[in-house]
Amino acid sequence: MANGKRPTLLGEILVSLGYAHQEQVDEALELQKIRPKRIGEVLTDVGYVEEDHVIEALSEQFSIPFERNVRDSLDASLTTKVPINFIREYRMVPFRQNGAAFYVALSDPVNLLPLDDLRMLLGGPVLPVLCRDQDIQMVIDGYFDQQGENARDMIDNIVLAGDEDADIPTLDALDSERDLLDLANEAPIIKLINLLISGAVKERGSDIHIEPFEREVRVRYRIDGVLYEKLSVPKSQQAAIISRVKIMANLNIAEHRLPQDGRIKIRLSGKEIDIRVSIIPIAYGERVVMRILEKGTFLFGLEELGMDPHDYKLFDKLITSSHGIILVTGPTGSGKSTTLYAGLQRVSSPELNIITVEDPIEYQMPGIGQIQVRPKIGLTFAAGLRSILRQDPDVILVGEIRDLETADMAIQASLTGHLVFSTLHTNDSAGAITRLVNMGIEPFLVSSSTIAIMAQRLVRNICNHCKEPYEPELESVLELGLTREQAQGKIAYRGRGCEKCQGRGYYGRTGIFELLVMTPQVQELTLRGTDSNVIKREAKREGMRTLREDGASKVFKGISTIEEVMRVTRDDILMEVTE
């Protein structure tokens, strides 16, 4: 520091260590006003510093040493001396003993009071060291493994305990609710379902698929948008597994002929998990899909979604408009809700009245009124939107425009001084214009009310732990839309596969985006009822980057792979071929 004073604030320490610039710290402090996170977390979220940099600065701030290799020196026997709930709540774990003293790894140096309880539990002095939060999470996630149990072992135990060759019960033979309850509440079945759920959360799975076939029941996890087969369960356990899931979701276990939907709320590793359950009858029994939603994980800032800097600045400006409609388009599972929530989070303030109507409410947002659609009692999107307009809103989110009535009301709301966010199922941004017109909305209403349309997809990120460069074949680069001159000498990246990504080569996902702004030229084409391909070409002429172009940019930045971008933009390519 210029005056020789030793820095005491975390931001100042990061600047003095050379890990951040003062402008970046100032920007993070501004972001902190709208995002209730610590300054180190904000700086890490926006990519200005790495987690290790923040921990090193915290180490200096609190005079606690930073231990980088807790995993390598972890003595698993010490964790058995501390209740797992204690580790979950306080994020502290004893990992090494030196004489009578115990080294305790912790990720939050602000609250050191629980160290006194650890001293009593361990029966000796404790020496705190800082570590990455993921190291603490590793201990929590490995709890079942420390007990010598996993889902496969559990299945083996169930099979050994029963008669694998026994006749498979039919649905007719399972019409007794008491029998099903007894069967489903056996301890091994409960434990198996718990292990399947905890395993999916540990592997960052978004869905669990339980699929009955003629001789087996297959379990698959959807991880980063792709399904992976996890294990196979004996057919003899099918009824017990399905019934256990129904009991957890408060569904009717005696009903096998009709689809059922429910919800499970659990706490796992200190995190609240909300699971949406869908059960449908198929040829060999009932098929279950469990959608896993971790409360709090949606809180992405707009800057974390993966937008190109130009699109990010433009979208950030558009969502502060006083009125108009902003649409986000894409197929199911393309991250539309996450983008809308990030936009709402950015504009949210005490001065604005923000109300949403959703189906379902996936995440609770503080300071925002959220309405759950209930079609069975007449509370549709249109009915909810009609009620919202009587609540003096400034910003409205309509979960999805599905019909003419909802579309018409959303557009009318945008024309009468409200900013409206919504989603539409179309392949690209220009297609949303023709979709609204085909629904029955007059072209002049679409052109005058719509501010912008964002199309998006999710692509898998290359695992940073096993990323390697390579020179791709010219043909595969040309498929991304580059010219031969642009394609020459390009270097792409791929993941070899490692322990962190479980051999997949990918870890996590990011978005690719296509932002169409309703410029005067695009409005004119809309008024004429022009084809979406013509509108798209005009938008590209005005500087819009297509999904595939944004994906190509991420390929050569080392974020994703050529194969991944081609996989999610296949519709884009087919549309161009048919033009």
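Residue numbering for the sequence shown follows the working numbering, starting at 17 and increasing by one per position. Where a beta carbon is used, it is the ideal one built from N, C-alpha and C, also for glycine. As the structure is a computational prediction, the values presented were derived from the model and not from experiment.
Asked, Found
"With a cut-off of 8 Å on the beta carbons, I'd call D151 and V217 a contact; round off their distance for me.", "With a Cβ gap of about 18 Å, D151 and V217 do not count as contacting."
"First and last residue of the alpha helix (DSSP H) that includes K516?", "It is not in any alpha helix (DSSP H) - K516 carries neither H nor E in the DSSP assignment."
"Once the 5 residues before and after L33 are set aside, which same chain residues still bring their CB inside 8 Å of it?", "H69, E72, A73, E76"
"Beta carbon of M108, beta carbon of P130: below 8 Å?", "yes"
"So what does DSSP say about Q386, is it helix, strand or coil?", "strand"
"How would you write the range of the beta strand (DSSP E) that A429 sits in, first residue to last?", "Taken as a continuous stretch (DSSP letters only), A429 belongs to no beta strand (DSSP E), being part of the alpha helix (DSSP H) at 420-431."
"Within 10 Å of its beta-carbon, does D566 have 16 or more other beta-carbons around it, so buried, or fewer, so exposed?", "buried"
"With distances taken from CA atoms, which of P485, G521, S463 is nearest L541?", "S463"
"Does DSSP classify I342 as helix, strand or coil?", "strand"
"Contact between the segment 573-587 and the segment 508-515: three or more CB pairs below 8 Å?", "yes"
"Identify the continuous alpha helix (DSSP H) that holds R553 and give its terminal residues.", "548-557"
"Looking only at its own chain, which residues have a Cβ that is under 7 Å from the Cβ of I29, when we skip the five neighbours before and after it?", "P23, A73, E76, Q77"
"Buried or exposed: where does R512 fall if 16 or more other Cβ atoms within 10 Å of its Cβ makes it buried?", "exposed"
"Inspect the beta-carbon positions of L343 and L496 and report whether they are closer than 8 Å.", "no"
"What does the Cβ neighbour count give for Y244, buried or exposed, with the cut at 16 atoms within 10 Å?", "exposed"
"Report all residues from its chain with a CB closer than 6 Å to the CB of S294; omit the five preceding and five following residues, and keep chain order.", "D277, V305"
"So what does E245 bridge to, in DSSP terms?", "R236"
"In or out: L26 buried (at least 16 other Cβ within 10 Å) or exposed?", "buried"
"What residue from R238, E271, E558, V126 has the CA that sits closest to R476's CA?", "R238"
"Between the segment 395-403 and the segment 295-303, do at least 3 Cβ pairs fall closer than 8 Å?", "no"
"By DSSP's criteria, L101 is part of a beta bridge. Which residues make up the other side?", "The sequence shown places Asn at residue 101, rather than the Leu named in the question. None; N101 has no bridge partner."
"Let me check one thing: in DSSP terms, what residues is A36 bridge-paired to?", "According to DSSP, A36 bridges with nothing at all."
"Can you name, in chain order, every residue of its own chain whose Cβ lies under 6 Å from the Cβ of I282, other than the five neighbours on each side?", "I289"
"Would R9 pass as a contact of D332 if the rule is Cβ separation under 8 Å?", "The first residue shown for the chain is 17 and the last is 595, placing residue 9 beyond what the model contains."
"Where does F460 land, buried or exposed, given buried means 16+ other C-beta within 10 angstroms?", "exposed"
"Go to R112, then tell me how far its beta strand (DSSP E) extends in each direction, as first and last residue.", "108-114"
"Any contact of the segment 246-262 with the segment 481-493, i.e. 3+ C-beta pairs under 8 Å?", "no"
"Using only alpha-carbon positions, find the residue among M381, S403, T546 that is nearest to G447.", "T546"
"Can you list, in chain order, the residues of its chain whose CB lies under 8 Å from that of S548, leaving out five sequence neighbours each side?", "D444, A446, G447, I449, T450"
"Where does the unbroken beta strand (DSSP E) through D290 begin, and where does it stop?", "287-298"
"Quick one: is the Cβ of M323 within less than 7 Å of any heavy atom of the ligand ATP?", "This structure lacks the ligand ATP, and indeed carries no ligand of any kind."
"Is it the case that the Cβ atoms of L474 and S353 are separated by a distance below 8 Å?", "no"
"Using DSSP bridges, identify the partner residues of P144.", "V120"
"Give every residue of the same chain whose Cβ lies closer than 6 Å to the Cβ of D327, excluding the five residues on either side of it in the sequence, and list them in chain order.", "F529, L531"
"Taking DSSP as the reference, what is the three-state secondary structure of Q162?", "Note that Q162 scores a pLDDT of 49, beneath 50, so its modelled location is shaky and nothing firm can be said."
"Near L431, which residues of its chain fall below 8 Å by C-beta distance, leaving aside the five closest residues on each side in sequence?", "H339, L461, S464, S465"
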